[in-house]
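Scroll down for the structure; my scribbles are underneath it.
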Amino acid sequence: MTAPPAPGDRAALFQCMVLMRRFEEEVLRVARDHPYVGRQHLHIGHEATGAGVVSALSPDDLFHTNHRNHGYLIARGADPGRALAEIMGRKDGLNGGRGGPWHLCDRSAGFQSTSAMVGGSVGLAVGAGFGLKTQGSKAISVTHFGDGTLDEGICYEALNLASLLALPVLFLCENNAKEGQRPSSMLAAKVLHDVPDALQIRSLVVDGRDADAVAAAAADAVAHIRNGSGPVFLQADLERWPGSHQTKPEFPTGVTDLTLAWEEDRIEGPHAEWVRDHDGLRAYAKKLVADGTLSEDQVLEIDRDVLAAIDEARAFAEASPYPDPSGLLDNVFA
Amino acid sequence: MTRKTYAEALIDALVERAGEEKNFAIIGRGILGHGAQAHLVKPLMEKFGDRVTDPPTSEGAVASLGIGAAMAGTRIFAHFGTASFTMEAVNQIIHEAGVAHSMSGGQIKVPIVFHMFHGLRRGGSGQHSLSPQSMFANNPGLHLMMPTTPGDVKGMLRTALKSDTPTLFIDHAALLGTEGEVPDGPYEIPLGEAAIRREGDDVTIVATSRAVHWAEAAADQLAGDGIDAEVVDPRSVVPLDTETILKSIRKTGRLVCVEEGYQMCSIGSEIAALAAEQVFKSLKAPVARVARPPAPVPFSPPLEEAMMPGPGKIVAAVKTVMA
Chain A
1 MTAPPAPGDR AALFQCMVLM RRFEEEVLRV ARDHPYVGRQ HLHIGHEATG
51 AGVVSALSPD DLFHTNHRNH GYLIARGADP GRALAEIMGR KDGLNGGRGG
101 PWHLCDRSAG FQSTSAMVGG SVGLAVGAGF GLKTQGSKAI SVTHFGDGTL
151 DEGICYEALN LASLLALPVL FLCENNAKEG QRPSSMLAAK VLHDVPDALQ
201 IRSLVVDGRD ADAVAAAAAD AVAHIRNGSG PVFLQADLER WPGSHQTKPE
251 FPTGVTDLTL AWEEDRIEGP HAEWVRDHDG LRAYAKKLVA DGTLSEDQVL
301 EIDRDVLAAI DEARAFAEAS PYPDPSGLLD NVFA
Chain B
1001 MTRKTYAEAL IDALVERAGE EKNFAIIGRG ILGHGAQAHL VKPLMEKFGD
1051 RVTDPPTSEG AVASLGIGAA MAGTRIFAHF GTASFTMEAV NQIIHEAGVA
1101 HSMSGGQIKV PIVFHMFHGL RRGGSGQHSL SPQSMFANNP GLHLMMPTTP
1151 GDVKGMLRTA LKSDTPTLFI DHAALLGTEG EVPDGPYEIP LGEAAIRREG
1201 DDVTIVATSR AVHWAEAAAD QLAGDGIDAE VVDPRSVVPL DTETILKSIR
1251 KTGRLVCVEE GYQMCSIGSE IAALAAEQVF KSLKAPVARV ARPPAPVPFS
1301 PPLEEAMMPG PGKIVAAVKT VMA
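Protein chains in written order, with my numbering: chain A, 1 to 334; chain B, 1001 to 1323.
Right, here's the structure in full:
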């Protein structure tokens, strides 16, 4: 639907974030309205990180995602209708209904296999970096994962190998560890980046709620990797969205209302603190209006355009039939 | 044709592919193990040493490195040494390489060969003697080849290296020093094409890998007793040449399956089931399976010897089905 945001184009970065948010909200509605839609792992609250990193990439860079991947695919140009159709297990889904919500794949947008085996994509991304390096390509490999992924042994092997071979890999760690809940990571290390630091991998820490900061840090990391200086570990710190871990479709912070960017006294409810202080999308709308990049009307116009596109995507997905079981054995072997 | 060792033929295939395919990388050293043939890797290292990456002891990451690179368009030969070590990478092999093409709706291809040495190797005990073929064959999306002769290993490896499907290439270290006629220049032995190692009318022995040689030795012995055994070597387990196997059983009416793996859910179990499903009325006697006894592989030489489905056990099984 849209091209990924170009570096420095903050309005496009914002539009990308709105697209990510509205897509995930539609996934929740679809999951609410349709049976047999698989368990959702939504990217809500991660948009500033996702869009910021995507803005620093080139079209031929390869991406291995984990199961919380919808936002990245849509941001890099995968068709929202086909993505939604895949989430619904339909014939016109990106993977022909073979992958579902955890495994969205769009080779044309630079996405390789999406692993839902925790840590799986970290290893594969190191492999992609190895492949690109042996091919003499200037492209880089990117993988994103949550802090809990560092509990898995494959991450240590993969980070070690990437460092030893100086591979062109960006390790994007979306750190939404949360005090007071069952932690998503249980590490003996004091801070996450102790792990890459010990393996001589350059690490950067950024506020993952701040789109401009992420875009700048990602541009720095990508430049380092692309000039052959080896991998970078980018730790984006986030405050977990209250609906991040849900067993049935819910909107704990409500459907996003961008007017709250400039009408803060209307923010209320049990999760008002998250909306006010930690929602990177609301914060970016507020910032762009305050610095004159966008007017309030322009913010709302972007949102309306995105919502119209999402409506179209949903209509496309719902019109798509389920795949015919006669094709069950298609593509088992290449 | 040139007479050479299995090890030399294997290296020939790698050298030929490296010479013609720029996007081809090898991960792992010690491709020929650490025995008497180890030095025969030299022609590969001299010509294409820059294509060989020596990884740390990280089987999961080695598999990931190869699979990710293959997905990105580089053809990969990844060597794991003893097949037991692939257990450290089984998640990557089955859950990443095996499913990627199907799960992506055909978008992703994984042109990788996972190379390993299976089986009893003298002193391997319970952690260095694995024959994982039936475990891997149980998972769709992976081809599985098990060569037996120098002529076959060269042609089969070339097929595997040119395939877009991830392939488990399961060798046996005991075969490396065997000699045979090997065609000069590149050639391919197709997947799913069994070889009849010996023709016979009385009983069909289906054997894989090193067990083919044991089956041939048993057949020689049986000939002295007036029993004419046919030895069929499937060569690739996935896909399996069921046509050749079933045709032989229709002819002989008797089936003995031999392999180095354990009997439970084995390749022999699959072939016996195929016979029961498809040529039941041709069978003149119950099917027999010769495999490892169901115990972890012991270290002590006479105990390890007792694990082997060697010629003596095969002869005994054939006499049972001939009775």
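For each residue, glycine too, the CB sits at the ideal point set by N, CA and C.
- Chain-ordered, the chain A residues with CB closer than 9 Å to the CB of ILE1067(B) read SER113, GLY123, LEU124 and GLY127.
- Chain-ordered, the chain A residues with CB closer than 7 Å to the CB of THR1165(B) read PHE333 and ALA334.
- Interface annotation for the region 1062-1086 of chain B against chain A: VAL1062, ALA1063, SER1064, LEU1065, GLY1066, ILE1067, GLY1068, ALA1069, ALA1070, MET1071, ALA1072, GLY1073, THR1074 and ILE1076, criterion Cβ-Cβ distance under 9 Å.
- In this structure, the straight-line span from the alpha carbon of ASP210(A) to that of SER163(A) is close to 28 Å.
- With contacts defined by Cβ atoms closer than 8 Å, PRO1056(B) and ILE1011(B) do not form a contacting pair.
- Just so you know, the alpha carbons of ASP197(A) and SER203(A) end up roughly 7 Å apart.
- Judged by beta-carbon spacing, GLU86(A) lies within the 8 Å limit of GLY97(A), meaning their Cβ atoms are closer than that value.
- Annotated as distal: LEU1175(B) and PRO1239(B), with beta-carbon spacing of 8 Å or more.
- Interface flag for GLN200(A) against chain B is unset, since no Cβ pair is found closer than 8 Å.
- Assignment of beta-bridge partners to LYS1004(B) by DSSP yields GLY1180(B).
- Residues of chain A with a Cβ closer than 7 Å to the Cβ of GLU1096(B) are, in chain order, SER113, SER115, GLY120 and LEU124.
- Near chain A, meaning a CB-to-CB distance below 9 Å, the residues of the region 1104-1115 of chain B are SER1104, GLY1105, GLY1106, GLN1107, ILE1108, LYS1109, VAL1110 and PRO1111.
- Below the 9 Å Cβ cutoff, chain B contributes no neighbours of HIS67(A), its closest Cβ being approximately 13 Å away.
- Residues of the region 134-160 of chain A whose Cβ lies closer than 8 Å to any Cβ of chain B, in chain order: THR134, GLN135, SER141, GLY153, ILE154, GLU157, ALA158 and ASN160.
- Residue nearest to GLY99(A) within the set ARG82(A), ALA109(A) and GLY110(A) is ARG82(A) (criterion: CA-CA distance).
- Residues of the region 23-44 of chain A with a C-beta atom less than 8 Å from some C-beta of chain B do not occur.
- Under the three-state reduction of DSSP output, ILE267(A) falls in the coil class, being neither helix nor strand.
- Under the DSSP assignment, ASP1171(B) falls in the beta strand (DSSP E) whose first and last residues are 1167-1171.
- At a cut-off of 8 Å between C-beta atoms, HIS1039(B) does not count as an interface residue with respect to chain A.
- Going by C-alpha positions, ILE310(A) is about 14 Å away from VAL255(A).
- For LYS1109(B), same chain residues with a beta-carbon under 7 Å away, outside a window of 5 residues either side, are HIS1101 and ASP1164 in chain order.
- Counting C-beta atoms within 10 angstroms of its own C-beta, GLU312(A) has fewer than 16 neighbours from the protein chains shown and is therefore classed as exposed.
- Listed in chain order, the alpha helix (DSSP H) elements of length 4 or more contained wholly in the region 59-134 of chain A are 70-75, 80-87 and 120-134.
- Using a Cβ-Cβ cut-off of 7 Å, GLY228(A) is close to nothing in chain B; its nearest Cβ partner there is about 17 Å away.
- Proximity of the region 212-229 of chain A to the region 145-164 of chain A falls short of the contact definition, fewer than three beta-carbon pairs being nearer than 8 Å.
- In the DSSP assignment, SER163(A) falls within the alpha helix (DSSP H) that extends over 153-164.
- Secondary structure within the region 1009-1051 of chain B: the alpha helix (DSSP H) runs of 4 or more consecutive residues, fully enclosed, are 1042-1048 (chain order).
- With a threshold of 16 other beta carbon atoms within 10 Å, LEU329(A) falls short and is exposed.
- MET117(A) and LEU124(A) have their C-alpha atoms some 11 Å from each other.
- The C-beta distance from ILE1196(B) to VAL1232(B) rounds to 6 Å, short enough to meet the 8 Å contact threshold.
- When the beta-carbon positions are compared, ALA1295(B) and VAL1287(B) stay at least 8 Å from each other.
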